[in-house]
Every structure is written in structure tokens, then in C-alpha cells.
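Working notes for the structure below.
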Amino acid sequence: MDMALNGLTDALSPSVILFVFLGILLGYAVGVLPGLNRPAALAVAVPLSYYMSPLAAVAFLIGIAKASGAGGATTAILLNTPGEPSSAPTCLDGYPLTKAGKGEKALKVALYGSVIGDLVGTLLLIAIALPLARFALRVGPVEMTAIMFLALTFIAALAGTSAIRGLIAGLCGILLACVGMDAETAMPRMTFDHVELMDGVPLLAVTVGMLAMTEMFIQAERLLLYGEERSEFTEQPSKRDRGLSWPEFRRVLPTIMQSSGVGIVVGIIPGLGPTVASFLAYGLAKRTAKPDDCYGKGEIKGVAAAETADNVVTPASLVPLFALGIPGSVSAAVLIAAFMIHGVVPGPRMFEEHGQLIYGIYGSMLVASLLMLLVGRLGLVGFAQLTRVPVRIIIPIVIMLCMLGSYLETRSMFSVQLMFGCGVLGYLMHRFDFSRITFLIGFVVGPLFELSLRQSLIITNGDPQALLQHPVALGIVVVSLIALVSFLRKPS
């Protein structure tokens with residue numbers, strides 16, 4: 001109890017609240033800025049957390065992750081241009097509402113759905129992460145290896161358009177994680193006589209390169225091929241029908257709760273992410289529509305469904321990260337870098353070793369939900385003006401931040417060169433339809449997977465028949481293999 005109270009007290013300190021507020025502001029800006037997305041923004045922001053306290057750093061990044069989804073709805077509704085891929089379903093009903101002079105009403109529905117969904121996901125994290133972590137601590141290395149194998153199978157199969165390409169990308173990420181000193185024999189592996197690689201490939205350089213730098217390469221290519229694409233308001237929200245009445249809110253509330261359930265399930269399953277959640281929630285809402293609903297023509301329930309599910313995923317994807325050390329989304333994978341910068345290893349032991357920090361994070365996430373509502377109510381439409389910032393200005397600024405962040409990790413230009421190399425690799429993966437998300441999660445989870453696998457081999461003496469003495473692990477492996485075969489048999 002004292003640990004929880006101390007953590008909540010830390011979360012309410014002025015410095016932490018300030019960093020949460022800054023994260024919310026940046027998140028809204030990222031949501032509407034052209035050429036940026038949630039994972040790329042988090043990757044660029046991680047180096048900014050070097051000189052923050054662990055709680056302030058994580059709270060700052062979670063603020064960005066939470067608000068960027070809500071920010072993406074602004075341009076989806078007003079401009080028919082989703083600021084985030086997960087806001088694409090919002091365009092289907094949000095933009096028709098704007099053309100009907102109800103843009104501000106749609107923005108309010110999106111905001112309330114986002115905040116309620118985010119709050120539901122946060123409360124779920126607080127409620128079940130600790131019990132799951134306690135269960136995970138009782139799970140042996142053999143069972144943990146099986147669980148991670150199952151998670152990696154789903155990530156590889158669901159994060160891209162091809163299960164085979166996903167598996168290749170995930171295995172390449174795990175292979176890259178093997179670079180450095182062998183933990184058991186202390187022998188260098190795949191270092192090619194580079195002293196900088198003795199401690200492994202720098203996590204931040206890979207993360208920034210694969211996400212932010214690759215995205216800048218993609219945006220630069222679009223700029224060269226198609227030129228600057230300017231977004232202008234087709235129609236300003238009308239002064240009439242701006243408000244959201246209580247009967248209207250009660251009408252959309254069941255849809256919000258239904259979409260929260262969709263977002264929770266999708267967020268907990270590694271590899272799916274907010275885009276899948278928003279499309280599934282919108283589709284479910286449309287299938288359960290009442291006769292007087294008009295989806296696709298300006299239905300506020302459609303806006304609520306997509307935005308609620310989108311914003312539930314961010315906190316829900318932290319459940320497997322906190323309880324098992326497995327990121328539920330690419331944004332959660334980026335957060336691992338922030339934790340490790342401050343000497344915290346995500347997973348079940350985090351509750352024992354850094355309990356006060358965990359409760360501080362819970363408190364700051366609740367504060368972030370409140371600030372997201374306040375900032376959204378006061379200035380959400382104003383953030384849409386950022387869509388007028390040219391991409392040709394954004395690209396060099398982001399590249400400079402990528403270089404600075406990579407250099408700060410090791411104080412070496414080797415990390416900067418590695419970051420550019422990962423950016424090129426990520427661009428090639430994008431061109432040939434290999435999942436960067438799967439690669440990155442494989443790289444992040446690789447060391448933990450290797451440790452569990454080695455412990456399992458020691459326990460079983462390398463004998464596959466020893467799995468019969470571990471029925472839970474055997475069952476998980478069987479499910480993983482069945483899922484893997486079914487994914488591989490499905491056409492791309």
C-alpha cells in the first residue's frame with residue numbers, strides 16, 4: 001500500500017505532470033502533422049528522455065502515444081485525410097459530418113470516445129497486469145519459451161500481408177539481437193572485430209532507424225515523385241449544431257463500450273495494433289447497426305467506434321509488456337528502449353524491483369487521460385492548422401533529431417551510421433513488403449527469448465521428449481504450430 005501511495009504521489013508531482021502535458025501536446029501535433037506517425041514520433045522522442053527521471057520519461061512518451069491517436073482524428077474529420085493509419089475508418093463518417101456542417105460535433109464525439117477508450121484501457125492495465133505478472137513469475141523457463149514462441153508466431157503472421165515474410169523479418173530481428181558477447185561463454189558473436197558491437201547492437205539506433213528514418217525516406221520519395229500535397233479545409237465547421245447533446249451521447253455510449261471491448265482484445269494480442277482495432281470496431285458497429293443508423297453518410301456512432309478502439313489499444317498493449325515482457329504493439333516495443341535507458345527491464349519482475357515506478361506510471365496514465373480531454377476540448381481544431389506545414393520542412397528537422405538521438409546513446413558516430421543503415425534497410429523492407437514491426441519486435445524480444453530457450457534446453461537436457469513433463473508448454477507449442485501452419489497455408 002505504501003508503495004502504491006508513493007507511486008501515485010510521484011505521478012502528481014509538478015515535474016511529472018508537466019512532462020505528461022508536453023507529451024500530450026506533442027502527441028496531438030504528431031497526429032495531424034504530415035509525414036509523422038505514432039511509432040516514428042516515439043522513436044524520435046526516446047532520446048529526449050535521457051535526462052529525465054524514469055517516471056517522467058515513460059509518462060512523457062505515453063502522453064505522446066495516447067494523444068497522437070486522438071490528433072489523427074482531427075484531419076480525418078475535417079480534411080478527409082487520416083493523420084494516423086488507425087484513423088482511416090473515421091473518415092467514412094467524420095468527413096460527411098463536416099460537409100453537413102457538423103464537423104465540431106464529430107470532433108467532440110471522437111474526443112470523448114478517445115478519452116473513454118483510453119481510460120477503459122488504462123483501468124484494465126491497472127486491474128490485470130499485476131495478477132498476470134504474479135502468474136508469470138510462477139511459470140518456468142520452458143513455459144515462458146513456449147509463450148514467447150506463440151507470441152512471436154502471431155506477431156509474424158498478423159503484422160504484415162504475408163506470414164512467410166513476417167517470419168523472415170522476425171527471425172532477422174532475433175538474429176540481429178544475437179550480435180555481441182555471448183551471455184554464457186563470453187565469446188563475441190558476429191561483431192566482425194567492431195568493438196562498438198561487443199555490447200550488442202544499440203537498441204535506440206535500430207529503433208530510430210527502422211521507424212523514424214525509414215519514414216523520412218518514404219516521405220522524401222513521395223515528395224520527389226508527387227511534389228508537395230497541400231491539405232486545405234474543404235469547409236469550416238458550421239456554427240450551427242456544434243454541441244453534442246446528452247441524448248446523442250447516450251445514443252453513442254453503447255457503441256463506445258462495445259468498441260472498447262474490441263480494442264482490449266486487439267491490444268492484448270501482440271502484433272495487431274490500433275489500425276486493426278479501429279477497422280474491426282467500425283465493422284462490428286456497422287453490422288450491429290439499428291435501422292435508423294446511417295453509416296458512411298455521417299453517423300456519429302461510426303466516428304465513436306473507430307476512435308474508441310484506436311485509443312484503447314495503447315494502454316491495453318502494455319498489459320503483455322508489463323506482465324510478460326512481450327510488447328503488444330510497435331509503440332510498446334519502442335517503450336522498451338525508454339525503460340532500458342533507465343535500467344528497467346520490462347516484465348513480471350518489474351513489479352518486485354520497481355513497484356513504486358509502476359504505480360507512478362499508472363497514476364501518470366490517469367493524469368494523461370484527463371489532460372487529453374482538457375487539451376482536446378481547448379485546442380483540437382487549432383492543431384489542424386499544423387497540416388499546412390510543408391513536408392519538405394519536416395523531413396530535415398526529423399532527420400537531425402534522429403542523428404542527435406542516436407549519437408547521445410553511445411556518444412559515437414558509429415551509432416549514427418548504424419541508424420542510417422537501419423533506415424535504408426527499413427526502406428528496402430517497406431519496398432519489398434517485409435514487416436518492419438515484426439523485425440523490430442523480434443530484435444527487442446530476442447535476448448529474452450534466447451535466455452528462456454537456453455534455460456529450457458538446460459532443464460530438458462536438449463531432449464524434445466522432456467516436453468511431455470511440461471504439459472502446459474507442450475500445449476502452447478502445439479497451438480503455436482497449428483497456428484503457424486494455418487497462417488502459412490493462407491494466401492498472402
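Numbered by full-length UniProt numbering, the letters in the sequence shown go through residues 1 to 492 in order.
Positions of the beta carbon are idealized from the N, C-alpha and C atoms, including for glycine.
Cβ neighbours of residue i in the same chain (closer than 6 Å, five flanking residues each side left out)
{"i": "Leu-373", "result": "Val-115"}
{"i": "Lys-286", "result": "Tyr-295"}
{"i": "Phe-449", "result": "Met-148"}
{"i": "residue 510", "result": "Outside the displayed range of the chain (1 to 492) lies residue 510, so it cannot be described from this structure."}
{"i": "Ala-110", "result": "Ala-73, Val-303, Glu-307"}
{"i": "Pro-141", "result": "Ser-452, Gln-455, Ser-456"}
Terminal residues of the alpha helix (DSSP H) in which residue i lies
{"i": "Tyr-28", "result": "14 to 32"}
{"i": "Pro-89", "result": "88 to 99"}
{"i": "Gly-283", "result": "274 to 287"}
{"i": "His-430", "result": "413 to 431"}
{"i": "Leu-451", "result": "436 to 460"}
{"i": "Ser-114", "result": "103 to 137"}
{"i": "Gln-219", "result": "214 to 226"}
{"i": "Asp-2", "result": "2 to 11"}
{"i": "Met-340", "result": "330 to 341"}
{"i": "Leu-204", "result": "203 to 208"}
{"i": "Leu-42", "result": "38 to 45"}
Secondary structure of residue i, DSSP reduced to three states
{"i": "Pro-247", "result": "helix"}
{"i": "Gly-188", "result": "The identity of residue 188 in the sequence shown is Pro, whereas the question assumes Gly. Reduced to three states, the DSSP call for Pro-188 is strand."}
{"i": "Met-198", "result": "coil"}
{"i": "Gly-298", "result": "coil"}
{"i": "Gly-325", "result": "coil"}
{"i": "Val-485", "result": "helix"}
{"i": "Met-52", "result": "coil"}
{"i": "Gly-261", "result": "helix"}
{"i": "Gly-475", "result": "helix"}
{"i": "Gly-347", "result": "coil"}
{"i": "Gly-180", "result": "strand"}
{"i": "Pro-270", "result": "coil"}
{"i": "Ser-317", "result": "coil"}
{"i": "Val-303", "result": "helix"}
{"i": "Gly-140", "result": "coil"}
{"i": "Pro-390", "result": "coil"}
{"i": "Asn-311", "result": "helix"}
{"i": "Glu-353", "result": "helix"}
{"i": "Lys-290", "result": "coil"}
{"i": "Ser-480", "result": "helix"}
{"i": "Pro-82", "result": "coil"}
{"i": "Ser-68", "result": "helix"}
{"i": "Ser-162", "result": "coil"}
Residues of its chain near residue i, where Cβ-Cβ distance is below 8 Å and the 5 sequence neighbours each way are ignored
{"i": "Ser-480", "result": "Ala-146, Phe-149, Leu-150, Thr-153"}
Presumed contact (8 Å Cβ cut-off) between residue i and residue j, rounded CB distance
{"i": "Val-303", "j": "Thr-98", "result": "No, Val-303 and Thr-98 are not in contact; Cβ-Cβ is about 11 Å, not under 8 Å."}
{"i": "Val-32", "j": "Gly-71", "result": "5 Å"}
{"i": "Ala-316", "j": "Leu-125", "result": "7 Å"}
{"i": "Thr-255", "j": "Lys-290", "result": "Not quite, the Cβ-Cβ distance comes to about 10 Å (not below 8 Å), so this is no contact."}
{"i": "Pro-47", "j": "Leu-404", "result": "7 Å"}
{"i": "Gly-426", "j": "Met-190", "result": "At roughly 20 Å, the Cβ-Cβ gap does not stay under 8 Å, so Gly-426 and Met-190 are not in contact."}
{"i": "Gly-121", "j": "Ile-264", "result": "7 Å"}
{"i": "Pro-39", "j": "Val-334", "result": "6 Å"}
{"i": "Ala-305", "j": "Leu-321", "result": "Not a contact, Cβ separation roughly 26 Å."}
{"i": "Ile-395", "j": "Gln-219", "result": "6 Å"}
{"i": "residue 493", "j": "Leu-418", "result": "Since the first residue of the chain shown is 1 and the last is 492, residue 493 is not available in this structure."}
Cβ-based neighbour list, residue i, same chain, cut-off 7 Å, excluding 5 preceding and 5 following
{"i": "Ala-100", "result": "Gly-298"}
{"i": "Gly-355", "result": "Met-3"}
{"i": "Leu-453", "result": "Thr-145"}
{"i": "Ser-412", "result": "Glu-196"}
{"i": "Ala-466", "result": "Thr-460"}
{"i": "Met-52", "result": "Phe-19, Phe-60"}
Whether residue i touches residue j by CB criterion (8 Å)
{"i": "Glu-215", "j": "Asn-37", "result": "yes"}
{"i": "Ser-259", "j": "Gly-376", "result": "no"}
{"i": "Ala-133", "j": "Ala-323", "result": "yes"}
{"i": "Cys-422", "j": "Val-195", "result": "no"}
{"i": "Ala-56", "j": "Ser-15", "result": "yes"}
{"i": "Ser-86", "j": "Gly-69", "result": "yes"}
{"i": "Met-213", "j": "Cys-402", "result": "yes"}
{"i": "Gly-446", "j": "Ala-183", "result": "no"}
{"i": "Ala-136", "j": "Pro-327", "result": "no"}
{"i": "Thr-410", "j": "Ala-156", "result": "no"}
{"i": "Leu-42", "j": "Ala-67", "result": "no"}
{"i": "Ala-337", "j": "Leu-123", "result": "no"}
{"i": "Lys-108", "j": "Leu-253", "result": "no"}
{"i": "Val-266", "j": "Leu-284", "result": "no"}
{"i": "Val-313", "j": "Pro-274", "result": "yes"}
{"i": "Ile-358", "j": "Met-365", "result": "no"}
{"i": "residue 497", "j": "Gly-103", "result": "In the structure as shown, the chain begins at 1 and stops at 492. Residue 497 is therefore absent and cannot be evaluated."}
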